Every structure is written in C-alpha cells, then in structure tokens.
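Participant: One structure coming up, written as structure tokens, with questions to follow.
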C-alpha cells in the first residue's frame, strides 16, 4: 500500500531534479535556438548569467516543477 512517505519522496526528488537540472535544460534550449551565438555550454551559461542574472537559468521553473512533481509522485507511490 502506498504511503505518504513515498509520495513525499517523489515530490522531493522532483524538486531536486528541477533545481539542479533546469539550468542545463535552459542552456540546451538556447544552444538549439541560436547555436552560433555561443561557444558551447559553459559559454552559454556564462553569457546568460552575465547578461540576465542567475534567475535566467530558471526560466520556466513552474511548468518544469509541476510536471516533474506529478510524474515522480505518481511513479514512486505506485511502485
């Protein structure tokens, strides 16, 4: 039987995944959109932080977190 601890673990895992992974997803999207504007991943992240601030790496965090929470909470709870 699923427990509350399993659900909370799924939610916490989704939060960690989003917090640490989203900056790389944002950089990947920028590199795909304008590949010649950057010299690579590190250059892309550096330019984004210098020009727009650290929060630029967390654009779109709410939809990313929402979908990850739903996926992880259900996935871990039902296993």
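Numbering (the numbering used here), first residue to last: 35 to 113. Even for Gly, the Cβ is constructed at its ideal location relative to N, Cα and C. None of these values were measured; they are calculated from a predicted model.
1) Apart from the five residues on each side of it in sequence, which residues of its chain come closer than 7 Å, Cβ to Cβ, to residue 103?
2) Which of helix, strand or coil does DSSP assign to residue 93?
3) To the nearest angstrom, how far is the alpha carbon of residue 56 from that of residue 95?
4) When you compare each of 97, 109 and 63 to residue 82 by their alpha carbons, which one comes out closest?
5) Given a cut-off of 8 Å, decide if residue 50 and residue 65 are closer than it, judged by their beta-carbon atoms.
6) Check whether the Cβ atoms of residue 107 and residue 41 sit closer than 8 Å, and answer yes or no.
7) State the DSSP-derived secondary structure class of residue 113, mapped to helix, strand or coil.
Facilitator: Let me lay it out:
1) Only 45 and 48 meet the Cβ criterion.
2) Coil at residue 93, not helix or strand.
3) 7 Å
4) 63
5) No; because the gap between Cβ atoms is not below 8 Å, this pair is not in contact.
6) yes
7) coil
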